[in-house]
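*Asks:* I have a structure I would like to understand better, so I am pasting it below and will then ask my questions one at a time.
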Amino acid sequence: MANKLKHNPIVGCMRWGVWGENFNTKQYEQIIDQCLSIGLNTFDHADIYGHYTTEADFGNALKGNSSLRNKIQIITKCGINMLTPNRPHHQIKSYDTSASHIVKSVEQSLQNFHTDYIDTLLIHRPDILMDVEEIANTITTLKQSGKVKSFGVSNFTTGQVDLLNKFIKIEHHQLEISVTNLNSFQNGVLDQCQIDNIQVQSWSPMGNGLFTEQNEKHARILATTKELSNKYKCSINEMLLAFLYTHASYIVPVIGTTKFERIIEAKKSMEIELTREDFYKIWCASTGLEVA
Ligand SMILES: NC(=O)c1ccc[n+]([C@@H]2O[C@H](COP(=O)([O-])OP(=O)(O)OC[C@H]3O[C@@H](n4cnc5c(N)ncnc54)[C@H](OP(=O)(O)O)[C@@H]3O)[C@@H](O)[C@H]2O)c1
């Protein structure tokens, strides 16, 4: 795969606030600067991160700093109503993709980030009750007003993408894809992204729980990626992302680390050219089976 077609990792901010490191404003400024210093300029959020607090924490680093705002791209999401003391009127966790909810969420995100535009807005989860024409009309209006620059979805099925794509161009699809979750490689989602020219973004690209939960599958993956990391003279983390970067749909990892050393490694993973056999060694370590 030609290196120029690989896209820099997106920096996920879900663990930067109260759901993780609880950075203060200085620490946000520092890590944003560090990311920019190695060319990573896109930051992934959702309205709900940190029980609706992380956007505003990140936004404090942008307050009154329009030159910084102009250097970065902000992705955020809406569509989940979370049960939390910060939203006491929610009675149950549920989904809402109504026009009023999307507009209200975008307005709140704009306020949180001290900005007048969101670079990319994603619908976070497919809402069972979604009215795709209503979503399309709402996003079109938000785009026309300049408040949202590009649009996508997250965790949709191929059928749901086809349905919504009939009414509005889906530009990005964010899914869980990693060595521990191979579903998208085989359920048609990645094929659809290539057919419809949709950017693929992978969340939890390091393999949900790979480093924290001990089981046979994780042990196989860690042993194989360790062996390959010696061959390619890189870390296991780099090998996990190189695995994703090898696929022809140009998967963009949304990395969740809070450590700058690992962010640097994520960037370096783009330089690795895995052989086909080594890709399949990792694949088989994950499935525990030979390919047919
Ligand atoms: N669209 C969606 O539905 C959705 C869902 C979930 C997440 N997301 C997005 O995706 C981003 C990434 O998700 P994620 O955080 O699950 O991704 P991840 O990059 O797969 O995992 C990051 C976590 O793994 C730990 N880790 C990484 N390498 C490690 C190692 N070698 N040893 C021990 N621990 C290690 C990190 O700890 P350190 O911080 O110590 O490095 C961090 O806790 C989020 O920030 C969010 O923006 C989207």
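Here the sequence shown is numbered in the numbering used here, starting from 5 and rising by one per residue. Glycine included, each C-beta is placed from N, C-alpha and C at the ideal position.
1) Buried or exposed: which applies to F247, given that a residue is buried once 16 or more other Cβ atoms fall within 10 Å of its Cβ?
2) Which term fits D120, buried or exposed, when burial requires 16 or more other beta carbons within 10 angstroms of its beta carbon?
3) Identify whether D135 lies in helix, strand or coil by the three-state DSSP scheme.
4) Nearest-angstrom Cα distance between T142 and V152?
5) Can you have a look at Q190 and say buried or exposed, based on whether 16 or more other CB atoms are within 10 angstroms of its CB?
6) Would you mind reading off the limits of the alpha helix (DSSP H) that contains F247?
7) Could you tell me which of V110, S253 and R266 sits nearest to L9, measuring between CA atoms?
8) Rounded C-beta distance between H176 and L126? I'm assuming under 8 angstroms.
9) Find the nearest neighbour of F155 within the set E138, Q164 and K173, judged by alpha-carbon distance.
10) My assumption, with CB atoms under 8 angstroms, is that E242 sits in contact with K285. Please give the rounded CB distance.
11) Less than 6 angstroms between C-beta atoms, sequence neighbours within five positions excluded: which residues of the same chain meet that for M5?
12) Where does K272 sit, in a helix, a strand or coil, going by DSSP?
13) In its own chain, which residues sit with a C-beta less than 6 angstroms from the C-beta of S109, not counting the 5 before and 5 after it?
14) Return yes when the C-beta of N169 is under 6 angstroms from any heavy atom of ligand 1, and no when it is not.
15) Do you know how far the Cα of G68 is from the Cα of G163?
*Replies:* By the coordinates alone:
1) The residue given as residue 247 occupies position 243 in the sequence shown. The residue in question, F247, is buried, as its Cβ has 16 or more Cβ neighbours within 10 Å.
2) As a first step, residue 120 must be located in the sequence shown, where it is residue number 116. Exposed, by the Cβ-count rule.
3) As a first step, residue 135 is located in the sequence shown; it is residue number 131 there, counting from the start. Under the three-state reduction of DSSP, D135 is assigned to coil, being neither helix nor strand.
4) Position 138 of the sequence shown, counting from 1, holds the residue named residue 142. Position 148 of the sequence shown, counting from 1, holds the residue named residue 152. CA-CA distance, T142 to V152, rounds to 11 angstroms.
5) Here residue 190 is taken as the residue at index 186 of the sequence shown, counted from 1. Result: exposed.
6) Position 243 of the sequence shown, counting from 1, holds the residue named residue 247. Looking at the DSSP string, the run of the alpha helix (DSSP H) that includes F247 is I240 to Y249.
7) Here residue 9 is taken as the residue at index 5 of the sequence shown, counted from 1. Taking L9 as reference, the option from V110, S253 and R266 with the minimal CA-CA separation is S253.
8) Residue mapping note: residue 176 aligns to position 172 of the sequence shown, counting from 1. Residue mapping note: residue 126 aligns to position 122 of the sequence shown, counting from 1. Contact flag correct, Cβ pair sits at about 7 angstroms.
9) Counted from its first residue, the sequence shown places residue 155 at position 151. The shortest C-alpha separation from F155 is found at K173.
10) For the purposes of this step, residue 242 is taken as residue 238 along the sequence shown, with counting starting at 1. For the purposes of this step, residue 285 is taken as residue 281 along the sequence shown, with counting starting at 1. Rounded, the Cβ-Cβ distance is 16 angstroms, inconsistent with contact.
11) Along the sequence shown, read from residue 1 onward, the residue named residue 5 stands at position 1. Note that M5 scores a pLDDT of 47, beneath 50, so its modelled location is shaky and nothing firm can be said.
12) In the sequence shown, the residue the question calls residue 272 occupies position 268. Of the three classes helix, strand and coil, the one that applies to K272 here is helix, per DSSP.
13) Here residue 109 refers to the residue found at position 105 of the sequence shown. Cβ within range, chain order: D51 and C82.
14) The residue you call residue 169 lines up with position 165 of the sequence shown. No, the beta carbon of N169 sits no closer than 6 angstroms to any heavy atom of ligand 1.
15) For this step, residue 163 is matched to residue 159 along the sequence shown. For this step, residue 68 is matched to residue 64 along the sequence shown. Going by the C-alpha atoms only, they are around 43 angstroms apart.
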